[in-house]
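Just so you know, we're using this note's numbering here: the sequence shown kicks off at 2 and counts up by one. Structure first, commentary second.
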Amino acid sequence: MKSDAMDRAYKKYHKELYLYALSLSRDEELAKDLVSETFYKAFIASNVPRGSFKYWLFRVLKNHFIDLKRTKQSSVSMGSYEKVLSDKSERGPAKSYIHKERDQRLYEHLMKLEPDSYREVIHLYYYGEMSIKDIAKTVGWSESNTKTTLYRARKKLGKALKEDHYEF
Numbered sequence: 002m003k004s005d006a007m008d009r010a011y012k013k014y015h016k017e018l019y020l021y022a023l024s025l026s027r028d029e030e031l032a033k034d035l036v037s038e039t040f041y042k043a044f045i046a047s048n049v050p051r052g053s054f055k056y057w058l059f060r061v062l063k064n065h066f067i068d069l070k071r072t073k074q075s076s077v078s079m080g081s082y083e084k085v086l087s088d089k090s091e092r093g094p095a096k097s098y099i100h101k102e103r104d105q106r107l108y109e110h111l112m113k114l115e116p117d118s119y120r121e122v123i124h125l126y127y128y129g130e131m132s133i134k135d136i137a138k139t140v141g142w143s144e145s146n147t148k149t150t151l152y153r154a155r156k157k158l159g160k161a162l163k164e165d166h167y168e169f
């Protein structure tokens, strides 16, 4: 891929990829590394798809995250997870992306959403602005499974938001 095209792609997609990586990893430093590695792989790749470049980037990022997770066999403890959330609310690049308190609270509820697949599909649908078809292609599921997961994730997130006494 040419350097100027890579610069344009970085400017266009780095925020979306960073937020996606953050939703997967729950760690700002790891999210930055995942995005960097994704663009590095895009830079050296010889067979980058033309029409679906954005979805290819998301897929590369997720696959790299899964590889790291497998090799390190790491899990996030609840204490370190809460620290990441509190750190994001005080400082860091996530704050520059999520400005308003309402959006930040919504994002915090999203980050707490379990299982990970719920968090992933909601993030891709709303923050990544992907269609059901594109999400299914990115995560490797059928469209019907993607729709069902998105429905369940919305329902669970809605319940969490209702329990929060903040007015959404």
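Here a beta-carbon is modelled for each residue, glycine too, at the ideal position from N, C-alpha and C.
Under the three-state reduction of DSSP, which class applies to residue i: helix, strand or coil?
i: E115; result: coil
i: N64; result: helix
i: A10; result: helix
i: N48; result: coil
i: R106; result: helix
i: G141; result: coil
Taking just the CA atoms, how far does residue j sit from residue i?
i: D28; j: A43; result: 22 Å
i: S53; j: Y14; result: 13 Å
Let me confirm a value: residue i is counted as buried when at least 16 other C-beta atoms fall within 10 Å, else exposed. Which label applies?
i: G159; result: exposed
i: Y21; result: buried
i: Y127; result: exposed
i: A46; result: exposed
Report all residues from its chain with a CB closer than 7 Å to the CB of residue i; omit the five preceding and five following residues, and keep chain order.
i: K55; result: Y14
i: A190; result: The structure shown does not extend to residue 190, since the chain spans only 2 to 169, so no value can be given for it.
Can you find the residues in the same chain that come closer than 8 Å, C-beta to C-beta, to residue i, ignoring five residues on each side of it along the sequence?
i: L111; result: S24, R120, I123, H124 and L158
i: L114; result: R120, I123, A154, K157, L158 and A161
Only counting the same chain, and skipping five residues up and downstream in sequence, which positions put a Cβ closer than 6 Å to that of residue i?
i: P50; result: W57
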